[in-house]
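There are 2 protein chains.
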Amino acid sequence: MATSPMQTDPTLSPLPWPARDEHLTPFLPLVYVAWSDGFLSSTDMERIRTALRDAEELPEAAVTILESWLQPEAPPSPCELAALREGIREVAGHVSRKELKSLVSLGIALARAQAADEGGWATAKGQQVLEGVEELLGVLGAEAARDLTAIAEEVPEPPEPAVPFEPEALRRVLEGKHAALSARVMDLLANPEVRVPDGLPTPIARERVLAATRRIAAEGLGGLAFPRELGGEGDVPGSIIVFETLAFGNLSVLVKFGVQFGLFGGSVYQLGTERHHRALLPRIASLELPGIFAMTERGHGSNVREIETRATYLPECQEFEIHSPTPGARKDWLGNAAQHGRMATVFAQLVVKGEAHGVHTFVVPVRDDLGNALPGISIEDCGEKVGLNGVDNGRIAFDRVRIPRENLLNRFADVSPEGKYESPIASPGRRFFTMLGTLVAGRISIAAASVSAAKTGLTIAVRYSARRRQFGPSGEPEVPILDYLTQQRALLPAVAATYGLHFAIRDLIDRFADVEGDEARARVEVMAAGLKAYASRHAQETLQSCREALGGRGYLAENRLGVLREDTDVFTTFEGANVVLLQLVAKGLLSEYRDLVGDLRLWGMVKFLGELAGEEASRLNPIRSRRTAEEFLRDSDTQLDAFRFRESRLLHTAARRLKHRIDEGMDSFQAMNACQDHLVHLARAHVELTVLESFREAVSRASESDGEEIGGVLDMLSDLFALSRLERDRAWYLEAGYMEGGQTKSIRNLVNSLCGELRPFAGVLVDAFGIPDVVLAAPAAFNDPAV
Amino acid sequence: MATSPMQTDPTLSPLPWPARDEHLTPFLPLVYVAWSDGFLSSTDMERIRTALRDAEELPEAAVTILESWLQPEAPPSPCELAALREGIREVAGHVSRKELKSLVSLGIALARAQAADEGGWATAKGQQVLEGVEELLGVLGAEAARDLTAIAEEVPEPPEPAVPFEPEALRRVLEGKHAALSARVMDLLANPEVRVPDGLPTPIARERVLAATRRIAAEGLGGLAFPRELGGEGDVPGSIIVFETLAFGNLSVLVKFGVQFGLFGGSVYQLGTERHHRALLPRIASLELPGIFAMTERGHGSNVREIETRATYLPECQEFEIHSPTPGARKDWLGNAAQHGRMATVFAQLVVKGEAHGVHTFVVPVRDDLGNALPGISIEDCGEKVGLNGVDNGRIAFDRVRIPRENLLNRFADVSPEGKYESPIASPGRRFFTMLGTLVAGRISIAAASVSAAKTGLTIAVRYSARRRQFGPSGEPEVPILDYLTQQRALLPAVAATYGLHFAIRDLIDRFADVEGDEARARVEVMAAGLKAYASRHAQETLQSCREALGGRGYLAENRLGVLREDTDVFTTFEGANVVLLQLVAKGLLSEYRDLVGDLRLWGMVKFLGELAGEEASRLNPIRSRRTAEEFLRDSDTQLDAFRFRESRLLHTAARRLKHRIDEGMDSFQAMNACQDHLVHLARAHVELTVLESFREAVSRASESDGEEIGGVLDMLSDLFALSRLERDRAWYLEAGYMEGGQTKSIRNLVNSLCGELRPFAGVLVDAFGIPDVVLAAPAAFNDPAV
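Below, the structure is given as structure tokens:
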């Protein structure tokens, strides 16, 4: 460094600053930047020095000094650089912001501020020389100047577009006719008895959860679906709304509630007859009789038809003997079993006089009033789970347990005292799937609860992302992380899908309430299976995105995203493993709802496959006229056409693939397995079409009755849902020749711009979910002092 | 039902069975199936009855009876159907399996078994009538017959292809030169002191984790990277292998270990000089001095350059004053802070004589020997986290805490007693990123640990899926769920990617050990950032798939998949949030490793953008000659070409998009944000190319030295990795015109068939990870009695 003139008086003025030299001062910002980030190579430095030597306008003395400042082998000391920066900043305080458009204009402004001669040499002759050097530096001059001076560009903040409606107005659109009930349940969730905090030790959590469930039952919300004459209100849709809303609270309470009233109570109600209803429903609704739904076995989860528990009729004493013949026959995963349940509805293979009649359901007492297991009943605790530890899951095995003949839930089949088996349904398959079909409300409920969990996660993540700032343009304040494209993409399409699923599930609840006839019932069952699988996957993915959207903050238990993810994780598995449910959906579509819903076996539907395989797929043309214009792709008819084409094409090609394999002699089970990914894709495509149709109807209704503004925002959201799903599946559309690369790229760009358009509404969109702070209970979302 | 002849003597023989009627018996299987699953409509029944009436070969009396059996308004009773089934089964026990090829052949066989006349009428004349009825039923006759008789088709089980090598042989390929060290650490993991179980209450977990870390330190494994003269072995690669292997055990122990030796010890070693090394490293290596790495602040995680903690030099007493000026300046997320740490390396903005010199690192005592916080130090516990609760994370604020001048870690900058700031690196940016760059070993370590966690999850999930059976072909035993395509797709590509990442990270460790020169160093830093982001995402996705692959069993805490997912979840966030790291990778590529690694600002690299934007993308042609043949797509050169084309094209288009926006006057920060998804895609493409290159080299090495069999399996795995990634990104290849729909469909089919080919090797592939049962500790994977 010895050769550098900067060394002459290092303590006072290491660079000749304030030099008041009209030739040198304009170069100072360039010199600073040349050194400050150290990305100039020796070659670059040499090029700059050559340029200076060639500049005739510059006096030789100045060239000599400048050259000495730019020797790679003699860099300035850090102190010199720091002093230069501080000196520039001091003078820069007096120059106007518009002088910051490049390093050259900054240099000239500095010279002008120092000298009386308005910048002298630089303005008159040297500007070209300076600009040559700036170009050689190869930096963005304006930003380098802002960075150096720490003076922000004078860009007025774009005014936040006013949101022309209150979140409450949008909430009314979401809740519709169920507004009063969901508000009532939401109030109840704020009640300290019901508000069980996360993370309690398991024994305490279990008791708190039981107490909370009792409190909810005391409000009459447990038996809502039961008949009026037995203390209920005959309100099946209402019971699902209650479940949906409880899902904003502690999810162990939700599942405990679902086990008691939906599964245990529901099986007694749906599979039993008056004698069971009168004796049990009032005690179930009040939680006087805590119960268990004992279907799944250790060896058989998805394949319920092959469960091994046996119920043998003994005509001599008019009793059934319930028995678990193998370790795999032990009933598993039963909520309420480890601790609180007194009675169970047990699914078992009925055997009468040596003849097997398939799976039937029996009411079996399992504990006495003191909570001790009854003789022949052995109960294990499942132990700690990944989540939902407030629910006492357990396992039960039966050792030749006797129950009265009347304990058969006999709505669909009965055994006479002398041992005659009777059923209004001759076909064993149809009988079995009719029994299982009565449990469809459970799948709809899980779909609805999944959407609620996604709403909670998104409320936390969107609110945090709008407040948390990190990084920003040079010299400006950091920006909210919700302004980043990747953050918007992680959250806003999920908000859109959450809205769409909300509307679709509400429509399904209506349809379920009014269902009549076999085909309509099959449609409801297929839709319930599809929406359960799709919504539970959506919740899982959304909660993971939300966790990551909060960065480290999302990893704190207090912000609840981990707990929400862990508690809802099993939603993808229980009430039907998703991959099995999606295959049921595909099979329902392939048989046009004529085959048995529930049965995964294919051999009975070859004729349907033949019909479908023979038909042409929907004749929709590839996206019309290769248009990529925004208004065309944002047209909901374009989107619906694309969704319909996909479902139809996947349906017909699946039929053809299956038929082809079967015709070649492949076992139908193997044929289905070979096409499993295709069938799952078909099912997802069907669900997405269902969601988009419901979403569009909701947009129309809102535009008519709730005003243009709300309709407009929902319209954008619906576009974002449709386009983000088309984007996700664009490979398929390209392969099918339905779209071309130009169109799929336009769709991607549109998703990006829709995220930007919806950004100002993000807050109101999650506020409309209407989750009070006390229920949300996540500090990061509302009261973190230092985001 | 009154009209049905089946009703005549319901208790004895409801259907005329054994009828010994040569005209009726052959129809019985058809009649059973017509009723059994109830999917025949009235129209279908009518068609069958018409066919029977038209059959001249059938006596009128038989037609009348058959017609009466097929009246939709008079179905058989369930008992009649059950009796018919049992009757058929009884006789069917005597017919040969090859008679089960249709319902007709079963019917004829039944007649033959009953009568002496070899089937009489049916064989001679009636076969066509029977076949007509079977066709109208529209079922798969062979499967219906197997289902009805419960006799399995006689298909010999395909012999399990013998795996021609032991898992140990494959393990040697994986471990290579580090085999001894990783075996030593694996042994240590089986030690009861080190084996901390999951799910302990937090206070106990913290003490057990500390004790385990002490035990590991006592083995000399903590200070492996430190110089020999200070008790270490100077073995940096070895220290990463230790970390990688510890990741098979309790992950809180892993992170505690990483905080103490990697972050705290590493920062003292890398940023300090001899005075710090001598005084501290031996006590750090022995864990006599538990320490804290205090970089992140509440307000600044990713944007470290803007942290607010200040270190002001006071020349009058030759001390620094460490101070947290705002709530956002509080150091956050510090491992070891809540309880055990005595000293911290604190990152703070250095101010000397009023001049700011950027972020520097200081050694600051925080607790006395009794564990009490020192004056001016306030410590909070972060509280419960989503996972890793055995690590005592905390927050620290400094209230004008004084430390001696010598506590500045002064490898890259120093302050003289009289207050002169000195540094061999003039540029403040380069100085900052050089300091941060020394922490690259941490990112490599997290990448390696992520892969280990994925190995644990896959070992559990593959072993379980090979044992658990559910559903199966008609009349046959249920099949292992690993035989299902969706299960294979969920697990086997993840196994392939895990192998690829393993090899890539091992290569990076080698490269890191030998690195020399700025550009090589930049390449290592970029690769570390990319592999950390990619591997941590891979672990997260894989563990989720594994959890779901176990169904409900995966939701039991004892099977560890939940804990693994929760503990590794934060790997996507700490040591650099993934989305930030991926942008660093993209920026490294865009500047061709010439710009500062670490700096996300773009203004300094406009010249590099200009160069790249001007160049043509790699001139690789679209996939040659539109070939879809298997051997072409399975050729690793084809795959490498495709990966290289993608990286190159994404790089050049990114440069052009950025340059275009900047030329139009957009702020470079906004320009980067507008292209954020593109940059992230570029980074991922780069990582995948890196992984594939390492994978191919490993395949070549193994084929040469470890035999054809091992080489062959690794070759298939590498194909599966490459093709499954191409499949995932096929939309991009289609859009880019590099592939056509026929090719991408072939790729999908190939992924499916590779899954099938690798299925027999699934067990040995996970066994080769070499995790002993006692370390794996998941009952479902090895000792669950009733899967």
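These protein sequence lines are chains A and B, in that order.
Heads up: the first sequence begins at 24 in this note's numbering, then just goes up one per residue.
Heads up: the second sequence begins at 24 in this note's numbering, then just goes up one per residue.
Cβ atoms here follow ideal geometry from the backbone N, Cα and C, with glycine treated the same way.
Checklist entry - Thinking C-beta only, is A/L193 closer than 9 Å to A/V162? => result As a working note, residue 162 of chain A is residue 139 in the first sequence. As a working note, residue 193 of chain A is residue 170 in the first sequence. No, the pair does not count as a contact, with Cβ atoms beyond the cut-off.
Checklist entry - Quick one: Cα of B/E166 to Cα of A/N433, how far? => result The count along the second sequence starts at 1 and reaches residue 166 of chain B at position 143. The count along the first sequence starts at 1 and reaches residue 433 of chain A at position 410. Distance between the alpha carbons of B/E166 and A/N433 is about 32 Å.
Checklist entry - How would you call A/S497, buried or exposed, if buried means at least 16 neighbouring beta carbons within 10 angstroms? => result By 1-based counting over the first sequence, the position of residue 497 of chain A is 474. It counts as buried.
Item to check | Option in B/A706, B/G637, B/D658 and B/R72 with minimal Cα separation from B/K682 | outcome: Numbered from 1 along the second sequence, position 659 holds the residue referred to as residue 682 of chain B. Of B/A706, B/G637, B/D658 and B/R72, the residue nearest in Cα terms is B/G637.
Checklist entry - Along chain A, which residues have their Cβ under 8 Å away from the Cβ of B/F597? => result Against the second sequence, residue 597 of chain B aligns to sequence position 574. For a Cβ distance threshold of 8 Å, residue set G575 of chain A lies close to B/F597, ordered along the chain.
Next on the checklist: Between B/A308 and B/F266, how many whole angstroms is the CB-CB distance? I'm expecting something under 8 Å.
Outcome noted: To locate residue 308 of chain B, count along the second sequence from 1; it is residue 285. To locate residue 266 of chain B, count along the second sequence from 1; it is residue 243. Between B/A308 and B/F266 the beta-carbon gap is near 15 Å, outside 8 Å, which marks them as no contact.
Next on the checklist: I need the DSSP call for B/P305, collapsed to helix, strand or coil.
Outcome noted: Your numbering for residue 305 of chain B matches position 282 in the second sequence. In this structure, B/P305 counts as helix in the three-state DSSP scheme.
Checklist entry - Which ranges would you report for the alpha helix (DSSP H) in the stretch 210-275 of chain B if only whole runs of at least 4 residues count? => result 225-241 and 259-269
Item to check | Secondary structure of A/D590, DSSP reduced to three states | outcome: Indexing the first sequence from 1 puts residue 590 of chain A at position 567. Looking at A/D590 - three-state DSSP - the assignment turns out to be helix.
Checklist entry - If you draw a straight line from the C-alpha of A/A175 to the C-alpha of A/I504, how long is it? => result For the purposes of this step, residue 175 of chain A is taken as residue 152 along the first sequence, with counting starting at 1. For the purposes of this step, residue 504 of chain A is taken as residue 481 along the first sequence, with counting starting at 1. Each residue's alpha carbon lies about 19 Å from the other.
Checklist entry - How is the alpha helix (DSSP H) around B/H9 delimited, first residue to last? => result The question about residue 9 of chain B has no answer here: the residues shown for chain B are numbered 24 through 810.
Checklist entry - Whole-angstrom Cβ separation of B/L357 and B/F316, contact assumed at under 8 Å? => result Reading the second sequence from its first residue, position 334 is the one you call residue 357 of chain B. Reading the second sequence from its first residue, position 293 is the one you call residue 316 of chain B. Yes, B/L357 and B/F316 are in contact; Cβ-Cβ is about 7 Å, under 8 Å.
Item to check | Contact set for A/S450: own chain, Cβ-Cβ below 8 Å, skip 5 residues either direction | outcome: Within the first sequence, numbered from 1, the residue matching residue 450 of chain A stands at position 427. Around A/S450: no qualifying Cβ.
Checklist entry - Which residues mark the beginning and the end of the alpha helix (DSSP H) in which B/Q766 is found? => result Working through the second sequence from its first residue, we reach residue 766 of chain B at position 743. Residues G764 to L781.
Checklist entry - On the premise that A/A367 lies in contact with A/E387, defined as a C-beta separation below 8 Å, what is that separation, rounded to the nearest angstrom? => result Stepping through the first sequence from its first residue, residue 387 of chain A is reached at position 364. Stepping through the first sequence from its first residue, residue 367 of chain A is reached at position 344. The amino acid at residue 387 of chain A is misidentified as Glu; the sequence shows Val. Their Cβ separation, rounded to whole angstroms, is 5 Å, which keeps A/V387 and A/A367 in contact under 8 Å.
Checklist entry - Are the C-beta of A/I448 and some C-beta of chain B separated by less than 9 Å? => result Working through the first sequence from its first residue, we reach residue 448 of chain A at position 425. Cβ-Cβ to chain B under 9 Å: yes for A/I448.
Checklist entry - Which residues in chain B sit within 7 Å of A/W356, going by Cβ to Cβ distance? => result What you label residue 356 of chain A is simply residue 333 of the first sequence in a count that begins at 1. Those within 7 Å of A/W356 in chain B are G575.
Next on the checklist: From the DSSP secondary-structure annotation, give me the bridge partner or partners of A/D392.
Outcome noted: Looking up residue 392 of chain A in the first sequence gives position 369. DSSP output for A/D392 lists no bridge partner at all.
Next on the checklist: Per DSSP, what are the beta-bridge partners of A/T368 in this structure?
Outcome noted: Along the first sequence, read from residue 1 onward, the residue named residue 368 of chain A stands at position 345. DSSP output for A/T368 lists A/F316 and A/V386 as bridge partner(s).
Next on the checklist: For B/Q151, count the other beta carbons within 10 Å of its own beta carbon; 16 or more makes it buried, fewer makes it exposed. Which is it?
Outcome noted: Residue mapping note: residue 151 of chain B aligns to position 128 of the second sequence, counting from 1. B/Q151 is exposed by the Cβ-count criterion.
Next on the checklist: Is there a C-beta anywhere in chain B that falls below 9 Å from the one on A/S475?
Outcome noted: The sequence position of residue 475 of chain A within the first sequence is 452, counting from 1. So no, A/S475 is outside the interface.
Next on the checklist: Spatial neighbours of B/R390 within its chain, please: C-beta separation below 7 Å, excluding the five flanking residues on both sides.
Outcome noted: Residue mapping note: residue 390 of chain B aligns to position 367 of the second sequence, counting from 1. The answer, listed in chain order, is G364, R365, A396 and L397.
Checklist entry - Does A/R70 get closer than 9 Å to chain B when you measure Cβ to Cβ? => result Stepping through the first sequence from its first residue, residue 70 of chain A is reached at position 47. Closer than 9 Å: no.
Item to check | For A/S717, the residue or residues it bridges with in DSSP | outcome: Within the first sequence, numbered from 1, the residue matching residue 717 of chain A stands at position 694. According to DSSP, which records beta bridges pairwise, A/S717 is partnered with nothing at all.
Checklist entry - Which class does A/D533 belong to by DSSP, given the choice of helix, strand or coil? => result As a first step, residue 533 of chain A is located in the first sequence; it is residue number 510 there, counting from the start. Three-state result, A/D533: helix.
Checklist entry - Within the 9 Å Cβ cut-off, does A/N806 reach chain B? => result Numbered from its first residue, the first sequence carries residue 806 of chain A at position 783. Chain B contact via Cβ: absent.
Next on the checklist: What ranges does the beta strand (DSSP E) occupy inside the stretch 57-95 of chain A, keeping only unbroken runs of at least 3 residues that lie completely in it?
Outcome noted: Annotation: the stretch 57-95 of chain A contains no complete segment of the beta strand (DSSP E) (minimum length 3 residues).
Next on the checklist: Can you give me the C-alpha to C-alpha distance between B/A665 and B/R672, rounded to a whole angstrom?
Outcome noted: Counted from its first residue, the second sequence places residue 665 of chain B at position 642. Counted from its first residue, the second sequence places residue 672 of chain B at position 649. Distance between the alpha carbons of B/A665 and B/R672 is about 11 Å.
Next on the checklist: Just to check my reading of the structure: B/I345 and B/V424 have Cβ atoms closer than 8 Å, yes? What is that Cβ distance to the nearest angstrom?
Outcome noted: Looking up residue 345 of chain B in the second sequence gives position 322. Looking up residue 424 of chain B in the second sequence gives position 401. So it is a contact: roughly 5 Å between Cβ atoms.
Checklist entry - Residues in its own chain within less than 6 Å of B/Y616 by CB, not counting five upstream and five downstream? => result Indexing the second sequence from 1 puts residue 616 of chain B at position 593. Closer than 6 Å at Cβ, skipping near neighbours: E542, A545 and R546.
Item to check | Cut-off 8 Å between Cβ atoms - residues of its own chain near B/T26, not counting five sequence neighbours on either side | outcome: What you label residue 26 of chain B is simply residue 3 of the second sequence in a count that begins at 1. With a pLDDT of 37 at B/T26, under the threshold of 50, the modelled position of that residue is not reliable, and the figure given next carries that caveat. Answer for B/T26: S91, Q94 and A97, listed in chain order.
Checklist entry - From B/V710, B/N412 and B/E80, pick the residue whose C-alpha is nearest to that of B/R560; which is it? => result One-based indexing of the second sequence puts residue 560 of chain B at position 537. Checked all of B/V710, B/N412 and B/E80; the closest Cα to B/R560 is B/V710.
Next on the checklist: Counting only C-beta atoms, is B/F692 closer than 9 Å to chain A at any point?
Outcome noted: Reading the second sequence from its first residue, position 669 is the one you call residue 692 of chain B. In terms of beta-carbon proximity, B/F692 lines the interface with chain A, with at least one pair separated by less than 9 Å.
Item to check | Spatial neighbours of A/G322 in its chain, beta-carbon cut-off 6 Å, leaving aside the 5 residues before and after | outcome: Residue mapping note: residue 322 of chain A aligns to position 299 of the first sequence, counting from 1. Answer for A/G322: G351, listed in chain order.
Checklist entry - Which whole-angstrom value describes the C-beta separation of B/I131 and B/Y55, a residue pair presumed to lie in contact below a C-beta threshold of 8 Å? => result In the second sequence, the residue the question calls residue 131 of chain B occupies position 108. In the second sequence, the residue the question calls residue 55 of chain B occupies position 32. Going by Cβ atoms, the distance from B/I131 to B/Y55 rounds to 15 Å, so no, they are not a contact pair.
Checklist entry - Identify the residues that DSSP records as bridge partners of A/I400: which are they? => result In the first sequence, counting from the first residue as 1, residue 400 of chain A sits at position 377. DSSP output for A/I400 lists A/F421 as bridge partner(s).
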